[in-house]
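Notes follow once the structure below has been shown.
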Amino acid sequence: MLKRLLPPEAILLIITMWTVFIVDASLPAIDLNNLGILPRTTEGLTGVLASPFLHGGLAHIISNTAPLLILPLLIRLSVGSTQLRLVLFIGIMGSGLGTWLFGSNNLVI
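The sequence shown begins at 8 in this note's numbering and counts up one residue at a time.
Now the structure itself:
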């Protein structure tokens, strides 16, 4: 039933996001935050790929999950599954690269 409502790509993305969040939150020995984007550094480029799965807290992941429950369905209904994959890929890579290019490198910890 869920697969008929939500595109499988969105389900996989949501499950992966929540799995990484739960592992990061429940295992104190594992700190995945160092995989985030570090603007304009070569080390920070790995964060472009990892950042869609990293979240700062429960409110952050919930606010990212909510649109992923609705928007992929609307995109798939309007342009199809192949285009949905392209939109998801460009959205993930574009936001990561945009953050890497234009983000502040002033870290406040």
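C-beta: ideal position from N, C-alpha, C; glycine also.
Which first and last residues belong to the alpha helix (DSSP H) in which residue i is found?
i: S70; result: L65 to V86
i: S33; result: P15 to S33
i: T53; result: T53 to A57
Alpha carbon to alpha carbon, how far is residue j from residue i? Give it in angstroms, no decimals.
i: L45; j: G98; result: 19 Å
i: L93; j: G43; result: 23 Å
i: R83; j: L20; result: 15 Å
i: G51; j: N41; result: 9 Å
i: G101; j: A36; result: 31 Å
i: G64; j: A73; result: 15 Å
i: L66; j: I29; result: What sits at residue 66 in the sequence shown is Ala, not Leu. If you take the alpha carbons of A66 and I29, they lie about 13 Å apart.
i: L34; j: T23; result: 16 Å
Using a Cβ-Cβ cut-off of 7 Å (strictly less than) and excluding sequence neighbours within five positions of residue i, which residues of its own chain qualify?
i: L39; result: V27, D31 and L61
i: A17; result: L75 and P79
Can you give the beta carbon distance from residue i to residue j, rounded, assuming they're within the 8 Å contact cut?
i: L81; j: L12; result: About 12 Å separates the two Cβ atoms, so there is no contact after all.
i: W25; j: I68; result: 7 Å
i: S88; j: P14; result: 6 Å
If I measure Cβ to Cβ from residue i and keep anything under 8 Å in the same chain, skipping five residues before and after, which residues do I get?
i: G103; result: I44, G54, V55, L56, S58 and P59
i: F96; result: none
Please state the DSSP three-state secondary structure of residue i.
i: R47; result: coil
i: S102; result: helix
i: I97; result: helix
i: L61; result: coil
i: N112; result: coil
Counting contacts by CB-CB distance shorter than 8 Å, is residue i in contact with chain B?
i: S111; result: You won't find chain B in this structure, because it holds only one protein chain.
When you measure from the CB of residue i to every non-hydrogen atom of the ligand MG, does any distance come out below 7 Å?
i: T53; result: Absence of the ligand MG from the depicted structure is noted, as is the absence of any ligand whatsoever, leaving it without description.
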